[in-house]
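Numbering (my numbering), first residue to last: 48 to 252.
Shown next as structure tokens:
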């Protein structure tokens, strides 16, 4: 064993460290997994999304987020194959982490379809997480977010407005202004749009 390889922490120990109560230790563990054991650790992290241990499951979500593009299609498959709403929510939250860590990353069609499916999930946690994920995806998700904003679910529509206004696209402001003129839009959603437009004007100023 070379001196350099001797310093590489073992995958089993790093997985165990994901349960550590100190978030710093967790972060160091999953960064080491991505650095030293990318091919071996990603499948293990997907298995951990089924864990009842909340600390381990949340750490796994954060860990998957650092792997970027290689995690996206497996996440979509995991989401579609699971009947457990907690696991489905964890998959969508992992999408959020990936999009946040890799700004501008292009989501493959399988991942976008999974997020679209999640918007109509029977679990409100899953659906709201999907809106957050789409907001992080950005311009690629604009059409889906526009549908959310004018949908018949006020809670999702409010989340959609707050997500879409953060996307740097010249068409967003005009779309929200047009949406205000729709008499069928929920009153609370309209208030959210007005507030979002005001924030956008202040940011531009």
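Each residue gets a CB set at the ideal place from its N, CA and C atoms; glycine is no exception.
* Selected residue, minimal CA-CA separation from residue 120, among 89, 132, 101 -> Along the chain shown, one-based indexing puts residue 120 at 73. The option with the nearest alpha carbon to residue 120 is 89.
* **Separation of residue 65 from residue 109, as counted between CA atoms** => Taking the chain shown and counting its residues from 1, one reaches residue 109 at position 62. Taking the chain shown and counting its residues from 1, one reaches residue 65 at position 18. Those two C-alpha atoms are separated by around 10 Å.
* Asked: How many Å lie between residue 202 and residue 196 at the Cα?
  -> On the chain shown, position 155 is the one that residue 202 refers to. On the chain shown, position 149 is the one that residue 196 refers to. Taking the straight line from one Cα to the other gives about 10 Å.
* Those runs of the alpha helix (DSSP H) which lie wholly inside the stretch 165 to 197 and span at least 4 residues -> 171 to 184, 189 to 196
* To do: Please say whether residue 158 and residue 165 have beta carbons closer to each other than 8 Å?
  => The count along the chain shown starts at 1 and reaches residue 165 at position 118. The count along the chain shown starts at 1 and reaches residue 158 at position 111. For residue 165 and residue 158, no; Cβs fall outside 8 Å.
* Determine the burial state of residue 151: buried for a count of at least 16 other Cβ atoms within 10 Å of its Cβ, exposed for fewer. => Against the chain shown, residue 151 aligns to sequence position 104. Answer is exposed; the Cβ neighbour count stays below 16.
* In chain order, what residues of the same chain lie with their CB nearer than 6 Å to the CB of residue 52, ignoring the 5 residues before and after it? -> Residue numbering aside, residue 52 sits at position 5 when the chain shown is read from its first letter. Annotation note: pLDDT 48 at residue 52 (below 50); position unreliable, no value reported.
* To do: Leaving out five residues on either side along the sequence, give the residues of the same chain with a beta carbon under 7 Å from the beta carbon of residue 186.
  => Mapped onto the chain shown, residue 186 falls at position 139. Cβ within range, chain order: 214, 216.
* Sub-8 Å separation of residue 204 and residue 236 beta-carbons -> Position 157 of the chain shown, counted from the start, is the residue given in the question as residue 204. Position 189 of the chain shown, counted from the start, is the residue given in the question as residue 236. Result yes, Cβ atoms of residue 204 and residue 236 sit closer than 8 Å.
* **residue 75 versus 106, 193, 146, 200, residue with shortest Cα-Cα distance** => Working through the chain shown from its first residue, we reach residue 75 at position 28. The residue with the shortest Cα to Cα distance from residue 75 is 106.
* Own chain, CB closer than 6 Å to residue 198, minus 5 neighbours either side, in chain order -> As a working note, residue 198 is residue 151 in the chain shown. Within the same chain, residue 198 has close Cβ partners 204.
* Just how far apart, CA to CA, sit residue 206 and residue 142? -> Along the chain shown, one-based indexing puts residue 206 at 159. Along the chain shown, one-based indexing puts residue 142 at 95. Those two C-alpha atoms are separated by around 17 Å.
* Between residue 227 and residue 234, what straight-line distance do the alpha-carbon atoms span, to the nearest angstrom? -> Counted from its first residue, the chain shown places residue 227 at position 180. Counted from its first residue, the chain shown places residue 234 at position 187. The alpha-carbon atoms of residue 227 and residue 234 are separated by roughly 10 Å.
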